[in-house]
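Numbering that gives the first Met the number 0 puts the first residue of the sequence shown at 0, with every later residue one more than the last.
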Amino acid sequence: MKGLLGSICVIVATIVVFVSCFQQPLAPDGVQRSSLVVDSGESTFAAPHAIARPKFRYWLPDASVSPAKLAADFKGIRDIGAGGVELVSYYNYGAEDPLPLPPKSIDWSIYGFGTPAFNKVLKAALQASKDNGLLFDFEIGAQSGQGAPAELPNIGLTYSLESYQKVVQPGKSFLGPVPGYGAGILVSVVTAKITHTQPGSPTTYTLSDGTLQEVTKFATQGQLNLTFPESGSSYLLYASYYVQPLKQSVIGGHDPQNFIQNGSFCVDHFSAAGAKVTTDFLAKYVFVDGAKELMKDIGQYIWEDSNEIGTTDPYWTPRFSQAFKDQHGYDITPYLPLIRHGNGHAYSPATADSYITDGPDRGQGIVADWRATLSSLYGEYLTHLNNWANNYLEVEFSTQVGYNLPLDMLASVPLVDAPEGESLGFANNIDSFLQYTGPAHLVQKPIVSSETGATGNQLWSFTLSRLLSYVKIAFAGGVNQNVLHGSPYSWDYPETTWPGFTTFFYSVTDMHQRHQPAWEHGYPESMGWMSRTQFVLQSGVHKNDVVFWDKQIAQLEIDYLVRTLYPYDDLVKAGYTYSYLSSDNLALPQARVENGILAPDGPAYKALILRSSDTLTPGGVSRLAALANAGLPIVVAGGFPTSIVTSNPNDSDAARQTISTISKLSNVHVVPGGPVASSLQSVGITPQTQVSASQTWWTVRRQAPGVDYLFIYNQGADSTGTIAFVSSGVPYFFDAWSGARKPILKYTVKDGRIQIPLSLARDQTVIIAFTTKVLEDVPTPSNYLESAPDTIIGFDYSTAEGLVAKTVANTAGPLPVTRSDGKTSTINNQDVAPAAYTLSDWKLTAEHWDPPTDIYDIDTVAVKSNTTHAVPHLVPWGQIPGLETASGVGFYSSNFTWPPPNSSGNLGAMIDFGSIAHSIRVVINCNQIPALDLTHAQADITGYLKEGQNDIKVTSATTLWKVYARVFDKQRTSGSPPNAPLSASPGDEGLVRDPTITPYVRVVVT
0 MKGLLGSICV IVATIVVFVS CFQQPLAPDG VQRSSLVVDS GESTFAAPHA IARPKFRYWL
60 PDASVSPAKL AADFKGIRDI GAGGVELVSY YNYGAEDPLP LPPKSIDWSI YGFGTPAFNK
120 VLKAALQASK DNGLLFDFEI GAQSGQGAPA ELPNIGLTYS LESYQKVVQP GKSFLGPVPG
180 YGAGILVSVV TAKITHTQPG SPTTYTLSDG TLQEVTKFAT QGQLNLTFPE SGSSYLLYAS
240 YYVQPLKQSV IGGHDPQNFI QNGSFCVDHF SAAGAKVTTD FLAKYVFVDG AKELMKDIGQ
300 YIWEDSNEIG TTDPYWTPRF SQAFKDQHGY DITPYLPLIR HGNGHAYSPA TADSYITDGP
360 DRGQGIVADW RATLSSLYGE YLTHLNNWAN NYLEVEFSTQ VGYNLPLDML ASVPLVDAPE
420 GESLGFANNI DSFLQYTGPA HLVQKPIVSS ETGATGNQLW SFTLSRLLSY VKIAFAGGVN
480 QNVLHGSPYS WDYPETTWPG FTTFFYSVTD MHQRHQPAWE HGYPESMGWM SRTQFVLQSG
540 VHKNDVVFWD KQIAQLEIDY LVRTLYPYDD LVKAGYTYSY LSSDNLALPQ ARVENGILAP
600 DGPAYKALIL RSSDTLTPGG VSRLAALANA GLPIVVAGGF PTSIVTSNPN DSDAARQTIS
660 TISKLSNVHV VPGGPVASSL QSVGITPQTQ VSASQTWWTV RRQAPGVDYL FIYNQGADST
720 GTIAFVSSGV PYFFDAWSGA RKPILKYTVK DGRIQIPLSL ARDQTVIIAF TTKVLEDVPT
780 PSNYLESAPD TIIGFDYSTA EGLVAKTVAN TAGPLPVTRS DGKTSTINNQ DVAPAAYTLS
840 DWKLTAEHWD PPTDIYDIDT VAVKSNTTHA VPHLVPWGQI PGLETASGVG FYSSNFTWPP
900 PNSSGNLGAM IDFGSIAHSI RVVINCNQIP ALDLTHAQAD ITGYLKEGQN DIKVTSATTL
960 WKVYARVFDK QRTSGSPPNA PLSASPGDEG LVRDPTITPY VRVVVT
């Protein structure tokens, strides 16, 4: 026992040293809505308020959870530096077959959405948010927010258009019941001549253009008597009915006694009546007994996920036919066969048949009109929710707008307060995000968010560096708020095993919660980086150089993912920023042209790019002509599109005449197809930021009063290059990891551009601010350096010392530098810096995180134990005996002597750990250095050094994957095992290479 106690004392002492040397993670100061500031004090780059901090999507299993433990989760989210939670009432993703049912002991009649138990948990969540200074977002319904408990029958529930058909031979009669009669409300009975049948999946029938006719009036009490012509090969008899499938978004309880206990039903997303089912229920049963007041106080958004109402049939709503006729001037009912295929949910399998005509456009003009009406009706649904949020709860409305639906996604984005995209549905692809964020930036939405980090095959192995890569892609795509996917209730839940409740059946990342070893040892630093970057990207107005025309009759998705529309990298490599707008967006008042600039108060596009493959409509051509006539440069790549999507040939002819007219304008440039950067330059349209780099550097520009912010993201391997930004201001580096702001000391100015050299690691970002005035709280020299030898690794500036150069080993003096005032200064380096060296001989205390003896004990974070390892050189945990299958936290320690032997002069030092996969925290002589960039974890440590022995302690956590893999076969959530295989390994974990210490001589530039 004595030996064991002695070991425990050593372990405790070690941990105390580490904890005592660490600063507490930065916590949010309060909350701030985009339109209402409720924080105390000023939100700053170094310490942003909650509005700028990332949020977590928080999965609530159901209302049986402990309110106190939920509050503890919220405190944990606050403590790591997040700014808010998005409460999702998960309910096993609806629990419809084949999804897992709730645990046997949990009755959703008692703990379902909208029950008194739910109201109790909701108020606890709201109060916990308020107590912890977190913003609170509420999903408007259980599962994905698609539905609500509803009394039946109910006109506000979702509809679809079912069809029944029969092929009749020429000259034959049809006598009998209308096909499918009784399936629903009869919309129309249609006949048409079939000219061709193409078997396949789906089978495609070609109908003779002009033979589609409605014969509904001949149906008497469901009976039909028709005789078909003798000529032709065969004829189609087609009947359509609108039905309410009563699709549940969440199943009911064990023995429901009322409609609240009977689960939730998907509501009609194409009428205000459908939205009203949701809002009426929320007002009467959810935001009651003080919840409404708390929501007004702490809430930011009510929110709905992407549309996931699966149906192979076309969407419908009872007033669709009338709305269509009002909008387009003709009846849709004779043409319903044409919309049979591809007009339901994007995730639903293809229908068994489809119909086209043998006309010039195969009937697609009519389909386009149908989708345009669907889009306008979807707008009524969104508008009701947006207005209700603003007026009833005094919050804003956020939703994942338009995709997964057969409509123009871009047209709908401006309709909501805060549009949200997602890394999963957008294939984690920058170009896909740019399609979504363009309309939001046009109308100057303050926040464009993303559900970030959902991906397959990385559960419990999703490193922070991978997560941040997803975040950076969203940033480069125009997003400025990330909602991380996700954080589950992390405590005991029936029939659920350690490490905790796991959503999406163990198939999707990730469970960001206290069972992650990096939760307290890595997440705070990453949250800080996200917060400061979002602070910048939420500042001012988003600016772009050019915009692409992107009219899509229905958002084209490949394998359910929003696809890339511009497949070339020439624009980005040249420095151009771009986005996309639908022709519908160009009808908005913000889309005005002034002095040849589109949307001058917003993105300020210098040109619009139209490509030969783009879709034109008559209305779109009219808007294009208005822009061209107003003086906006139009770059037509590969020629004007040849087809006009319309159901009216006369409109098509008029549109072509308009195109012919505007093509003669001097500001309309027809250029070759394919990459367009060189064509833009040839007509005098240059980027605000010119980029010259060996890899692809994406840039994002925000313009605020007195400052232009430039965010740069290297989406390639390590690279060097320059950016040249049009500005007469003063450039500063804003370090989003540390919060430090420093003047850029070496650059050139030519032709009105500030040219700055940069070296960026793989996946690294940098923020540069160009200010109209010197920042008073940041020491800034009156002159900058235009040139200096490459052997100087950097410069510092302080009011006490002035400009200081950092010279490394083998740097001979004197060294000339050229200043911006035209003078040449000399660096008289009399001392030689010692050579760089690696720091070895480490002691590693590995804190093992193992499962509890009772695998159903989720309250326990982990069974923790320590082992100590002598590590001559840093290698991954998998190469250290005893750690091959371990997960946990590594506490590393070493020491070195300073200054090195036989050195002289005013020495400083850099330390470089290389790239870090997951987490790193460094303490030197009991002083924690600022957070390190995971892509290149290096820092100047001069201010932390002392003469003699210097102690260095590094904390680096692993993922939980290796331990999770050991218990994978025992995993259960709500009693159900995983329906996905074990996720992929995260790769090497822990510190994997010795850091390099590079001494340098500090020489004042005179």
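Backbone N, C-alpha and C define an ideal beta-carbon position, used for all residues, glycine too.
Beta-bridge annotation (DSSP): D939 is paired with M909.
Put simply, of P899, S530, L944 the residue whose alpha carbon is nearest the alpha carbon of A45 is S530. Judged by DSSP secondary structure, N224 falls within the beta strand (DSSP E) whose first and last residues are 222–226.
Collapsing the DSSP output to three states places F286 in coil. Under the three-state reduction of DSSP, T866 is assigned to strand. Taking a 10 Å sphere around the C-beta of Y300, we find 16 or more other C-beta atoms and assign the residue as buried.
The Cβ atoms of A81 and R52 lie closer than 8 Å to each other.
Between Q212 and T190, the gap from beta carbon to beta carbon is short of 8 Å. For a cut-off of 8 Å, the C-beta gap from T957 to H917 is around 7 Å, short enough to register as a contact. One thing to note: F733 has its Cβ no nearer than 8 Å to the Cβ of I743. A residue is called buried when at least 16 other Cβ atoms come within 10 angstroms of its Cβ; A979 does not meet this threshold and is exposed. Secondary structure of Y746 (DSSP, three-state): coil. When the Cα atoms are used, P498 and Q515 turn out to be separated by approximately 9 Å. About 6 Å separates the beta carbons of I996 and A908, which is inside the 8 Å limit, making them a contact pair.
The beta carbon of N389 is closer than 8 Å to those of E395, F396, D416 in its chain, skipping five residues each way along the sequence. For I658, the enclosing alpha helix (DSSP H) has its first and last residue at 648–661.
Taking C-beta atoms under 8 Å as the contact rule, A845 and G889 qualify, at a distance of about 6 Å. Excluding the 5 residues flanking it on each side, A653 has same chain C-beta neighbours closer than 8 Å at P617, in chain order. The continuous stretches of alpha helix (DSSP H) do not include F503, and DSSP gives it neither H nor E. Residue ranges of uninterrupted beta strand (DSSP E) with 3 or more members, entirely inside the segment 230–311 and ordered along the chain, are 233–242, 247–249, 263–265, 298–303.
The alpha-carbon separation between A983 and P115 amounts to approximately 42 Å.
Annotated three-state conformation of Y57 is strand, per DSSP. Counting along the chain, K68 sits inside the alpha helix (DSSP H) bounded by residues 66–78. The secondary-structure analysis by DSSP pairs L206 across a beta bridge with I193, T356.
If the five residues before and after Q247 are omitted, its C-beta is found closer than 8 Å to the C-beta atoms of G93, E95, G146, G262, S263, F264, C265, all from its own chain and listed in chain order. As DSSP reads the structure, Y488 sits in no beta bridge. For Q168, same chain residues with a beta-carbon under 8 Å away, outside a window of 5 residues either side, are F227, S233, Y234 in chain order. Nearest C-alpha to L293 among A426, A123, D312: A123.
Shown here, A916 sits in coil according to DSSP, grouped into three states, outside any helix or strand. A direct Cα-Cα distance of roughly 45 Å separates Y855 from T382. DSSP places H668 in the uninterrupted beta strand (DSSP E) bounded by 667–670. V64 and L98 have their C-alpha atoms roughly 20 Å apart. With contacts defined by Cβ atoms closer than 8 Å, S305 and G485 do not form a contacting pair. S646 is the residue among S646, K471, L483 whose C-alpha sits nearest the C-alpha of Q326. Here Y577 carries a strand assignment [DSSP, helix/strand/coil].
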